[in-house]
Amino acid sequence: MMLWGCLRLARRTGAGGLQRWTYPLGKTTSGGLFRHAVDRALATGPPNNNDDDVLSGPPEDASRTTNLEDHAPFRQHRLASIDADRLTEEPLYPDDYPRIGPQDATKSVPEFLQNFEDYSRKKEPVTVMGRVRSKRVHGSSLIFLDIVNEFQMVQVMLNKKNVTSFKTRRAYKFAFLRSLIQVGDHISVTGTATRSLTGEPTIDATMVPQLLSPSMSQLPDSRKVSKMSDQERHVDMLVNKSTTDILRLRSEITRHMRNHFHSRRFLEMQTPILAEDAGGAIARPFRTRSNAVRSRKDLALRVAPELWLKRLVVGGFDKVFEIGPAFRNEGVDASHNPEFTMCEFYSAYTNLENLIKETEDLICSLAAHCKKVISTELVSLPAIDLSKFKRPFKQVEFVPALEEAMAVRLPKLNTEGAFAEMLVLMELSNIKLGDQTADSLPKLLDQLAAHYLEPLSMAEPIFITNHPSCMSPLAKSFLCPKTYQLVSARAELFVCGRELANMYEEENSPYEQRRKLALHRSLVSKPDGSIGSSDETEGPGDQDNGYSGRQDEKQETYEGNDPRDSRSQKRACDDWATAPLDRSYIRALDYGLPPTGGWGCGVERLVMLFSGSTRIGDCLSFGTLRNVVGISAPEEGEGEEDFLHVEHQGPVHEPTGSGSETDKVKGSDSKKPRKQDMTRTPREAGG
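Using our numbering, the first residue of the sequence shown is number 1206, and each one after it goes up by one.
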């Protein structure tokens, strides 16, 4: 079909007006008319004729840049195409970002596919909205689109003969449509349900698809996204199915955990994230201040919700759980991030055996659920082998297993000189832990367990039980009849060398709790190298009704954390390791905490286990802290004014280089990230 015609194009003027001009199209085929006209317009600029005019007043879209040359080639072509259509007598898309109208007949892609047979039989028009993921042009009259909505895809067929609008319009309008709709656009399609020649469910469009939101950046090849995925996470989600599948699996895991606890009559609670005390874990907190607190005291983001949840048990909530964020101001590596998600539950009248059984039930049910979801929906993820999750899980006692692995007999670990004896024993036995150094007995025992015991979980899940009491100041302790060591009623679950869950019977005596916390703070190395209780901490013999709420002067001074404080300078370890006791929690115990079992797990660790991911950043929506900080950084050579002033907006440059993000973020530590510097006394898995 041969046509004569003209094309009217426009450009934005610096004065805020709209300049229009007309191009004679000449004699050309309808299929190439629009493409050639736009290409010629972009290459030559406005023609020298008398049809130029300037329309005063604000442009139709004042937020769009005034200069097409400021855009990347793909964006230039898109803007020219949209403007070219808008300036025709009957534009297909007069508004490129329209509001959505009434949605009575609108269905999601999953709803359309689920009820496809009914729609096909009734032949009633149905409207589906989604993002264009692929476009296939067949000749001059047929276009196939694949659109995605709620992670499901359906095919759309645009046949010029079936679309009502094209029966009354000139043929070149269909050529406009072929160029206007691009991969990445959000569109709305109205049509009838049918099947293609290959039997695929298809929407046979009866109306021109509505452009809801055009994509102004071209989607990259999935093979090229790996270089930019950490900083352009949303782009990674669009082109890599495994990225979205991991995050969808995370949602399935948290939903399953909530259902699991609800079915056992647990109540989900929300506890403070910002408070004076970080609460629970021995980890370096993030410090801040609030204008709402008149005393201007330092506040901290919580490192764990543990103490708050146990206060709820004291208050009569016998079964509580929480899934929420926790923060630890420590290193970033493959399995640790300063911000992560914790799941903790506390159950009154529960012992360690009950906690172990509950853990096995939850992990095995999660494994079965994830296997089902992966096999049916999240097919890009590796399949789960349920044979690795057979109950009961193997249990390994801490002290006997460590003595067997080290081929030595450990000294009494609850004595004041135990740390020095352990160092001498390791020296005499030529036991080395590489470059690792420990400044306290709990840290040393934790490093020994990581070296000798945790690798046992590579073959099968194991519980490491009955830790030395010095490692668990918040847990009940008892004298082990096998080793005559003072141990805690505690267990840790390890799978594939990683800690998944930590559980113990909670210490409910206010007198014992105060003594244990004070003793744990005192187990530090002094600057002169001696071992024992620090002069700046309360010893276990301090009395003040066992749990006085009065802060002594030494603690108040040390809490200020003034770097000029002489005691801060003499301290060999950081102030967070010897932070003041949470006396309000100890006072709460005076009202009676029933025998309680507590349990904690890092959600990201569970997602890593069941998704097969090796990086915690893959299990976080926008990666680790380094990636999140880098997202807000300006492009190289781009200032804030350049970004906000649309007239000077330049093309978006993709990040280059595949090196570690450690070297790209200002202020980040370029050294090798270390494992979190803490004794895993509280429930910290997943940080």
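A virtual CB, placed ideally from N, CA and C, is assigned to each residue, including glycine.
Residue i vs residue j beta-carbon contact at 8 Å
i	j	result
residue 1805	residue 1707	yes
residue 1702	residue 1676	no
residue 1681	residue 1605	no
residue 1392	residue 1363	no
residue 1525	residue 1471	yes
residue 1578	residue 1711	no
residue 1491	residue 1506	yes
residue 1444	residue 1419	no
residue 1615	residue 1609	no
residue 1514	residue 1474	yes
residue 1169	residue 1290	As displayed, the chain neither begins before 1206 nor continues past 1892, which places residue 1169 out of reach and without an answer.
residue 1568	residue 1576	no
residue 1816	residue 1454	yes
residue 1601	residue 1670	yes
residue 1554	residue 1307	no
residue 1349	residue 1333	no
residue 1436	residue 1832	yes
residue 1791	residue 1719	yes
residue 1359	residue 1410	no
residue 1547	residue 1529	yes
Cα-Cα separation, residue i to residue j
i	j	result
residue 1396	residue 1328	9 Å
residue 1326	residue 1460	37 Å
residue 1451	residue 1825	9 Å
residue 1284	residue 1446	29 Å
residue 1846	residue 1389	Low confidence applies here, because residue 1846 scores a pLDDT of 49, under 50, leaving its location unreliable and the question unanswered by this model.
residue 1594	residue 1562	13 Å
residue 1673	residue 1690	7 Å
residue 1302	residue 1342	25 Å
residue 1807	residue 1818	15 Å
residue 1640	residue 1537	19 Å
residue 1789	residue 1504	15 Å
residue 1656	residue 1638	8 Å
residue 1571	residue 1827	24 Å
residue 1405	residue 1399	8 Å
residue 1465	residue 1323	36 Å
residue 1723	residue 1678	9 Å
residue 1340	residue 1439	21 Å
residue 1913	residue 1704	Residue 1913 lies beyond the residue range present for the chain, which begins at 1206 and ends at 1892; the question has no answer from this structure.
residue 1442	residue 1378	34 Å
residue 1636	residue 1591	37 Å
residue 1542	residue 1482	21 Å
residue 1385	residue 1321	28 Å
residue 1237	residue 1366	Reliability fails at residue 1237, whose pLDDT of 48 lies under 50, so the model's placement of it is uncertain and no value is given.
residue 1793	residue 1787	10 Å
residue 1407	residue 1337	14 Å
residue 1581	residue 1834	36 Å
residue 1523	residue 1692	26 Å
residue 1551	residue 1820	29 Å
residue 1540	residue 1667	19 Å
residue 1603	residue 1661	12 Å
Bridge partner(s) assigned by DSSP for residue i
i	result
residue 1893	Given a span of 1206 to 1892 for the chain in the structure shown, any question on residue 1893 remains unanswerable.
residue 1476	None; residue 1476 has no bridge partner.
residue 1802	1552 and 1710
residue 1153	Because the chain is modelled from 1206 through 1892, residue 1153 falls outside the range shown and cannot be assessed.
residue 1682	1693
residue 1343	1347
residue 1364	1347
residue 1357	1354
residue 1829	Paired residue(s): none; residue 1829 is not in a bridge.
residue 1312	1333
residue 1418	1391
residue 1700	1703
residue 1505	1480 and 1492
residue 1524	1552
residue 1670	1602 and 1696
Cβ-Cβ separation, residue j to residue i (assumed contact under 8 Å), whole Å
i	j	result
residue 1353	residue 1314	7 Å
residue 1508	residue 1532	7 Å
residue 1631	residue 1646	At roughly 12 Å, the Cβ-Cβ gap does not stay under 8 Å, so residue 1631 and residue 1646 are not in contact.
residue 1510	residue 1549	6 Å
residue 1564	residue 1527	At roughly 17 Å, the Cβ-Cβ gap does not stay under 8 Å, so residue 1564 and residue 1527 are not in contact.
Complete alpha helix (DSSP H) runs within the stretch 1527-1599 (minimum length 4 residues, chain order): 1557-1581
3 or more residues per run - each beta strand (DSSP E) lying fully within the stretch 1389-1415: 1391-1400 and 1406-1410
4-residue-minimum alpha helix (DSSP H) runs that sit fully inside the stretch 1449-1474, ordered along the chain: As far as the stretch 1449-1474 is concerned, it has no whole alpha helix (DSSP H) run of at least 4 residues.
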